[in-house]
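The sequence shown begins at 768 in the numbering used here and counts up by one.
Note that CB positions come from ideal geometry on N, CA and C, so glycine has one too.
A short worksheet on the structure shown next.
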Amino acid sequence: MEKRRRAEKLVTWLRWTVLILGAVVVADEIPNRLAVYFGCALVLYNAFATYCLHNYTIFAKCGRRLSDICRVVDTAAITLVLVTCPKSASIIWLLYWFVLVSSGYASASLRKLVYDSAVVLCANALATLYSGSALGSSWSEVGYTLAIRSVGLVLGVLVAAYVAKVRSQDELASDRGSYLQAILDCGTKLTQFRDVHELAVHVLQSAVTQSGAQGGELLLVDEETGELEREAFHSFLDNGSGVEGLPESLVRSYANWVMRTGREFVVRASKSNNNEVQKSLDAAEFELDNHHAIAVPLQWQSSSTDNKFSVLGVLVVWRAPAEDFTPDALDILKIFAAIACAAIVNLRLYTRLQRSFLRTLQSLAASLEARDEYTRGHSDRVMKVACMIAEELGVPSESIEILRSAAELHDIGKIGVPDAILRKAGKLTAEEWETMRRHPIVSEEICRPLGLPPEVLFLIKHHHERIDGKGYPAGLPPEEQPLIQRILVVADSFDAMRSRRPYRDVMSEEELVSELNRSAGRTMDPTVVEALKRLMDRGDLIPVYEEHDRLTGVSFRASRDRAA
């Protein structure tokens, strides 16, 4: 559709040139008032056509009808000038070539060109007969003139046919090159995605663009429920354009049929190329829609030992009313469906493996902490406290998930720190302190092969930075410390204060609040500290530490009472 719109835009601009040439030729023969009225009407007509062609939604709604109307109006206008200005007819009739060549160039359809040529030849015959009688010419003169003009127009038809053929071949070569490049780019880029939804959106956008569709949906079978769910939707038209896409009920009907049969089909303007499809759909609803549509299955071979294929999902695309697909569209969509299916299967397998490794690493972290009664449950509590602070500060859910993943694994690097250092009650030596300071780097190195997002690895590595830039391992300045990293720093420090350690007992509430106030603006972000204090005042953190207080036998309240 977009290529045809560009072709029609070029024809519209050329029409301005034809209008100017026509006005110059008939300027001395046509009455001034009639010239003004006629010229204004043609200018408004071409201006309206130009506006419609520059607006994609309007062209999608009435593009084919608009093109047909323009050919008829162009032919009628030239015929009217021939009838009104018979003396200038010897030149004006050549403007019919504009209609013929523009038809061949814009549509590249020989059938459409034959129809337009017949209309032009009939109009020329009528105008020639009328102008000949108006000038009092003999029938032999009129016949001779008509024959000359008809031969000239037939030559114009041949030129237009040649233009249509050349343009069709050029478009075919260009389209195939574009298809191959799009398929190559799509296949290359799919390896970069780590999320099925993002992958599905990219594949659908590429498929809709390359097939010349107006819009489309990619539906996938949910792994847990087994139901067919929409994974991605793409349309070139906005919701307020007044141009309706394919009804969702029909999309579901097509998708369900493809899921049952495992075969693709093409729907052409209320008729299907498969009677089985039409029988299995709601007939009334099916025939009311006038969109062309194609639905193809995403199939994969579930086992190498047999030839049985499973349908992973369905790709459905549609075109605007009265706009048919190109002959290559079905093959293109089948290729995109095959690429998408392979990529989704591999990504799901990769995701399962990643989750398995992640759970293993989380279990390892929990086991590491369980060796020491002082650190048992530390990562889980830090995760809960960090997420509660983030929610208190209105952090987006996507960032909270990143924070959650980082908090669960932030201390896995302590697996390389000897127990003698971890459980030491006294002050650490410089060498021991240097070993302890390396654990964020080790944590990040352990987690990196899992393919975790860079944001998660950043938080794991920098959970001991300070707001004054004197933290470790990198001494990041405050402007390079994002909010969720500052939240993790505060949550980790708070749990260290709130928990019993080898070198001290649990802090009282007054001591803890005093330490938080002292650290705010120096080692911790004061905004995050204030959010944490609000959670403490409301008692939201009490459930987080119930298990810790039960296992250690020392409650936070009791500690506060002893301090009092």
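Cα separation between residue 771 and residue 869? Using only the alpha carbons, I get a separation of about 12 Å.
Residue 889 burial status per 10 Å Cβ neighbour count (16 or more: buried): The C-beta of residue 889 has fewer than 16 other C-beta atoms within 10 Å across all chains shown, which makes the residue exposed.
Quick check for students: name the residue ranges of the alpha helix (DSSP H) that lie wholly in the segment 852-940, counting only runs of 4 or more. With a minimum length of 4 residues, the continuous alpha helix (DSSP H) runs that stay inside the segment 852-940 are 856-859, 863-874 and 877-902.
Whose C-alpha, out of 931, 1058, 1274 and 959, is nearest the C-alpha of residue 774? The candidate whose alpha carbon is nearest that of residue 774 is 931.
What do you reckon, are the CB atoms on residue 1059 and residue 1034 nearer than 8 Å? Yes.
Between the alpha carbons of residue 1186 and residue 1192, how many angstroms are there, rounded? Their Cα atoms are separated by approximately 11 Å.
Identity of the residue in 917, 786 and 1095 nearest residue 803 by Cα: Comparing alpha carbon positions, the residue from 917, 786 and 1095 closest to residue 803 is 786.
Can you look up residue 771 in the DSSP assignment and give me helix, strand or coil? In the structure shown, residue 771 sits in a helix (DSSP, three-state: H, G or I).
For the 8 Å Cβ check, are there 3 or more pairs between the segment 1141-1156 and the segment 1170-1178? With the cut-off at 8 Å, the segment 1141-1156 and the segment 1170-1178 touch.
With DSSP run on the structure shown, which of helix, strand or coil describes residue 821? When DSSP states are grouped into helix, strand and coil, residue 821 belongs to the helix group.
With a threshold of 16 other CB atoms inside 10 Å of the CB of residue 992, please say whether the residue is buried or exposed. The residue in question, residue 992, is exposed, as its Cβ has fewer than 16 Cβ neighbours within 10 Å.
Run through DSSP, which three-state label would residue 1180 get? In the structure shown, residue 1180 sits in a helix (DSSP, three-state: H, G or I).
Residues in the same chain with beta-carbon distance under 6 Å from residue 1104, minus the five sequence neighbours each way, listed in chain order, please. These residues qualify, in order along the chain: 1063, 1065 and 1082.
Environment of residue 1072 [buried if 16+ CB atoms lie within 10 Å]: Its pLDDT being 47, under 50, residue 1072 is placed unreliably in this model, and the value from its coordinates should be taken loosely. Taking a 10 Å sphere around the C-beta of residue 1072, we find fewer than 16 other C-beta atoms and assign the residue as exposed.
Distance between residue 858 and residue 896 (C-alpha atoms, nearest Å): In a straight line, the C-alpha of residue 896 is about 16 Å away from that of residue 858.
Pairs of beta-carbons, one from the segment 834-843 and one from the segment 897-905, closer than 8 Å: are there three or more? Short answer: they don't touch.
Just verifying my parser: in three-state terms, what is the DSSP assignment at residue 1031? Three-state result, residue 1031: coil.
Residue closest to residue 863, alpha-carbon to alpha-carbon, out of 1304, 927, 1233 and 1189: If we check each option's Cα against that of residue 863, 927 comes out closest.
Would you kindly work out how many angstroms separate the C-alpha atoms of residue 996 and residue 984, rounded to a whole number? CA-CA distance, residue 996 to residue 984, rounds to 10 Å.
Name the two residues that bound the continuous beta strand (DSSP E) containing residue 1060. Boundaries of the beta strand (DSSP E) harbouring residue 1060: 1060-1068, taken from the DSSP string.
Is residue 1315 helix, strand or coil when you go by DSSP? DSSP, reduced to helix, strand and coil, places residue 1315 within a helical segment of the structure shown.
On the three-pair Cβ rule with 8 Å, is the segment 1233-1243 touching the segment 1214-1222? Look at the beta carbons and you see the segment 1233-1243 not touching the segment 1214-1222: under three pairs across the two are nearer than 8 Å.
Reducing DSSP to helix, strand and coil, say where residue 815 ends up. Correct three-state label for residue 815: helix.
Just confirm the distance between the C-beta atoms of residue 1302 and residue 1155, as a whole number of angstroms; I'd bet it's less than 8 Å. With a contact defined as Cβ atoms closer than 8 Å, residue 1302 and residue 1155 qualify at about 6 Å.
Alpha-carbon to alpha-carbon, residue 1184 and residue 1202: Those two C-alpha atoms are separated by around 7 Å.
Are the beta-carbon atoms of residue 971 and residue 1085 separated by less than 8 Å? Cβ distance not < 8 Å, so residue 971 and residue 1085 don't count as in contact.
So that I know if they touch, is there some Cβ in chain B lying closer than 8 Å to that of residue 1280? Absent from the structure is chain B; it holds one protein chain and no more.
Boundaries (first-last residue) of the beta strand (DSSP E) holding residue 743: Nothing about residue 743 can be read from this structure; the chain reaches only from 768 to 1331.
Span of the alpha helix (DSSP H) around residue 1149: Per DSSP, the continuous alpha helix (DSSP H) segment holding residue 1149 begins and ends at 1145-1159.
Using the Cα positions of residue 884 and residue 908, report the straight-line distance between them to the nearest angstrom. Distance between the alpha carbons of residue 884 and residue 908: 24 Å.
Expressed to the nearest angstrom, what Euclidean distance is found between the alpha-carbon atoms of residue 1315 and residue 1266? Cα-Cα distance, rounded: 8 Å.
Given a threshold of 16 other Cβ atoms within 10 Å of its Cβ, counted over all protein chains shown, does residue 836 qualify as buried or as exposed? Residue 836 is classed as exposed because its beta carbon has fewer than 16 other beta carbons within 10 Å across all chains shown.
Using the Cα positions of residue 780 and residue 821, report the straight-line distance between them to the nearest angstrom. One alpha carbon belongs to residue 780, the other to residue 821, and they sit about 12 Å apart.
Less than 8 Å between the C-beta atoms of residue 1255 and residue 1145, yes or no? For the 8 Å CB-CB criterion, residue 1255 and residue 1145 do not form a contact.
Between residue 1118 and residue 1126, what straight-line distance do the alpha-carbon atoms span, to the nearest angstrom? Taking the CA atoms as reference points, residue 1118 sits about 12 Å from residue 1126.
Considering only the alpha carbon of each residue, which of 962, 920, 912 and 1282 lies closest to residue 1112? Ranking the options by Cα distance to residue 1112, first place goes to 962.
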